[in-house]
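In terms of UniProt numbering, the sequence shown has 575 at position 575, counting the first letter as 1, and numbering is strictly consecutive. Please read the structure below before turning to the comments.
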Amino acid sequence: MRSLSPILNRSNQWSKKEEERRRRKKEGRRKKKEEEEEERDTENDNDDDDDDDDDDDDDDDDDDDDDDDEDLGDDEEQDVLGPRDCWRIRNERRRRIRRFQADADEWILEFLDDPMANFIRQRGNVMIAVYDIVQDIIDELMNGFAPGDMVGVQIQHPALREDIYVPVMGRDQLNANRIFAIIEIVMQSNDEFTFDGQMTFHIIRIEDMNGGNDDVIDDWVKSKVSVIRIRNNNDDMCLARAIVTAVAHHRKKTDPTVNWNNIRKGQSEQTELATALHARANVPIGTCGLEDIARFEEVLPEYRIVIVTRGRTEPIIHKGSNEKGMPIFLYYHDHHFDTITSMSGFLNRQAFCTKCLKAYKDPKWHKCLVKCQACRTPNGQSCEEDEDARWYCDDCHRVFKNETCFQNHKSGRTPTCHTVRRCTECSLTYSESRKKHVCGMIYCQMCQKDQPKGHLCYMQPIRASEAADTCPDYIFFDFESRVDETNGRHIPNYAVAHKVCELCVDVEDIETPCEHERQVIFSGNETIEDFCKWACSNPNSIFMAHNLKGYDGHFVVSCFSKMGMTPTSIITNGSKITYMEYELPRTARKKKVEKIVFKDSFNFIPMALSKFSKTFGLSEEKGYFPYLFNTREHEAYVGPWPDSSFYHPENMDAKQTRDFDAWY
1 MRSLSPILNR SNQWSKKEEE RRRRKKEGRR KKKEEEEEER DTENDNDDDD
51 DDDDDDDDDD DDDDDDDDDE DLGDDEEQDV LGPRDCWRIR NERRRRIRRF
101 QADADEWILE FLDDPMANFI RQRGNVMIAV YDIVQDIIDE LMNGFAPGDM
151 VGVQIQHPAL REDIYVPVMG RDQLNANRIF AIIEIVMQSN DEFTFDGQMT
201 FHIIRIEDMN GGNDDVIDDW VKSKVSVIRI RNNNDDMCLA RAIVTAVAHH
251 RKKTDPTVNW NNIRKGQSEQ TELATALHAR ANVPIGTCGL EDIARFEEVL
301 PEYRIVIVTR GRTEPIIHKG SNEKGMPIFL YYHDHHFDTI TSMSGFLNRQ
351 AFCTKCLKAY KDPKWHKCLV KCQACRTPNG QSCEEDEDAR WYCDDCHRVF
401 KNETCFQNHK SGRTPTCHTV RRCTECSLTY SESRKKHVCG MIYCQMCQKD
451 QPKGHLCYMQ PIRASEAADT CPDYIFFDFE SRVDETNGRH IPNYAVAHKV
501 CELCVDVEDI ETPCEHERQV IFSGNETIED FCKWACSNPN SIFMAHNLKG
551 YDGHFVVSCF SKMGMTPTSI ITNGSKITYM EYELPRTARK KKVEKIVFKD
601 SFNFIPMALS KFSKTFGLSE EKGYFPYLFN TREHEAYVGP WPDSSFYHPE
651 NMDAKQTRDF DAWY
């Protein structure tokens, strides 16, 4: 209960303030009644002919006093309230990410002062009352979630300096105690936070992973030769079918009895093998989840089942328990499993290490986490330190961890003993594949040549041949979107991209031609897809949008994920993207590494666009846009300005509302 103490202290203070406010309100009403009575008495005194009426008025006044007392008494008698009476939903927005079986919900809640004060007083214990309210919010907002669903929560409140982030966990693990424990950490540096006003909850829900979905047609899968599509044949065995297909792909080169074509095409032998696998693992035929993968691994100890998906910085969602087994890779999407035959092809990378499960470009620079750095054996798990002895090699003058490690470095077509040596003069370990070793000299990555050890090198100038390639173009873009009336999802239907190079950077007139098209406009329901495809045709460019992290960036990430592209580098502030870098796909003709970068200009100019004019003395102003009027039926609208309600004025503060009313 320790985590509740800061909140309860503030809740007690808030409750006392609320009681004082109510007392002053009642006092004001009583004084107002007294003033009205005095006015009536004065009028009656001036009327000498209505003494009887004065007596009647006095009786009425007495009755009014009784009524007032009754009203005050009734005001103190409140109906029994529950936690749900203390808050209400002001607004909600839901977005379904179908490809990754995830929901992104935004809930704006408003706490009701009077009911909350009465509920706390009725409960008689602030601790219990506040706990019940928070638990009620969790239960209400997550109604319908399965216990195995993974849930992440972000909480925003005007009094918080930083948002509250609840890490992704199982739905059954998320409760009020978890929320309070995290809030306490935030409140140690912020003493003003209370449960009042409005609070926003952002909830990400990832459904419990299970297979067995009907045959899913994925355009991205069709384009990948490294993925074998698995058909369910109405038996919901896609997981087992994908496993036996992956095993057959691994065995086909060494086992002539494997009928690869029959299995690959999902014919009778694949069905027989999948059914047999279910029987061996004692798993009922039908939809399978993560717990069933572990049971399949138990009967396949020589294999390591790795589950991969798309649209995540870390694509591997299950690494398998048989770490010493041969890895087989399955692609999970839309509650369905397919077989991956090549991870490097799937990830669009040059190579993939099956030991540490990492993609890389050049084997020379890949430092495998599993490889033994002494004998350079890929599976270095057997190379454990021998505390009693060290094994020294007289040929390469290196020391090894144990006898197995020593024998490993002597074996192989090209033994490590012949390629890696240690100098007996300077004790430097070097590679024979490089130039002849010279004591005191090391290879400098900055200078890209051998230099004296400990030398101070300078930043190298850009070569003339590289200068033209390294000067990026800047592309400034902005999206406008309509709101889908069925699910509240924002769909971009208009985009403007302004391209600037070193030749036209100082030319303000957009109509002045340059070597490239200076302004590109996209419109229609395929706006985001057309923009992302066009972005890929501008390699080594820097794309900038104001408030990328809060709006435009989410459209870009979602679209690139559908195209099978994940960021090679990304910088976030919580769930908000401030920087991301994409490596463009390479082809047989185009092998050079090319990238595009997205940045948020808010990082450099931290202010709203509406303030640019006043800050920089610009004649142009941002103006107002009828966002709610941007619907499919109004895309070709020509006519008078829409009603002011379409400009969403309820989301403006007092000053913005006054400025808008004057403008409108």
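Here a beta-carbon is modelled for each residue, glycine too, at the ideal position from N, C-alpha and C.
Contact check, residue i vs residue j, beta carbons under 7 Å
i: T341; j: S226; result: yes
i: I528; j: F555; result: yes
i: F145; j: R171; result: yes
i: D552; j: F479; result: yes
i: R241; j: A274; result: yes
i: D136; j: P115; result: no
i: I263; j: A248; result: yes
i: R205; j: V168; result: no
i: K252; j: W260; result: yes
i: R280; j: V299; result: yes
i: V166; j: I182; result: yes
Nearest residue (CA-CA) to residue i, options the options
i: F195; options: R518, F111, I263, H335; result: F111
i: Y392; options: T377, N525, H409; result: H409
i: M142; options: A276, I203, T631; result: I203
i: G266; options: M199, V244, D386; result: V244
i: T419; options: N547, R205, A374; result: A374
i: K324; options: R304, M343, K371; result: R304
i: C396; options: D473, T429, E385, G412; result: T429
i: K549; options: I179, K599, R123; result: K599
i: N547; options: Y579, H516, F560; result: Y579
i: E297; options: V126, H250, V283; result: V283
i: G197; options: E650, I108, L239, E594; result: I108
i: L357; options: R310, H318, V638; result: H318
i: V638; options: S644, N630, E35; result: N630
i: Q445; options: K253, D113, D149, C457; result: C457
i: T416; options: E633, K371, Q451, M441; result: K371
i: C288; options: F337, A276, V258; result: F337
i: R310; options: E650, P649, K655, P567; result: P567
i: P640; options: E106, P626, E650; result: P626
Spatial neighbours of residue i in its chain, beta-carbon cut-off 6 Å, leaving aside the 5 residues before and after
i: N177; result: none
i: P327; result: R304, V306, T354
i: S613; result: E621
i: F421; result: A small correction: the amino acid at residue 421 is Arg; Phe does not occupy that position in the sequence shown. So the list reads C396, once near-sequence residues are dropped.
i: H278; result: A240, I285
i: E302; result: G325
i: Y443; result: D450
i: N348; result: P585
Proximal residues to residue i (C-beta, below 8 Å), its chain only, five neighbours per side dropped
i: residue 669; result: The chain is shown from 1 up to 664; residue 669 falls before or after that span and cannot be answered.
i: I510; result: H498, R518, Q519
i: Q407; result: none
Local conformation of residue i per DSSP, three classes
i: D292; result: helix
i: M441; result: strand
i: P169; result: Per the sequence shown, the amino acid found at residue 169 is Met instead of Pro. Here M169 sits in strand by DSSP.
i: H278; result: helix
i: W641; result: coil
i: Y131; result: helix
i: T339; result: strand
i: T429; result: strand
i: I510; result: coil
i: D478; result: strand
i: Y551; result: helix
i: G345; result: helix
i: H157; result: coil
i: N125; result: coil
i: A535; result: helix
i: F145; result: coil
i: Y647; result: helix
i: Q407; result: helix
i: D421; result: According to the sequence displayed, residue 421 carries Arg and not Asp. Of the three classes helix, strand and coil, the one that applies to R421 here is strand, per DSSP.
i: R658; result: helix
Cβ neighbours of residue i in the same chain (closer than 7 Å, five flanking residues each side left out)
i: E132; result: It is Asp, not Glu, that sits at residue 132 in the sequence shown. Same-chain partners within the cutoff: P83.
i: R390; result: V399
i: D484; result: I491
i: Y624; result: Y647, F660, W663
i: H437; result: C423, Y430
i: S645; result: none
i: N603; result: T578
Closer than 6 Å: residue i CB and nearest the ligand ADP heavy atom
i: A181; result: Judged by which ligands are present, the structure shown has none, so any question about the ligand ADP falls away.
*Do the segment 535-543 and the segment 518-527 make contact, defined as three or more Cβ pairs closer than 8 Å?*
The segment 535-543, when compared against the segment 518-527, does not touch it at the 8 Å Cβ threshold.
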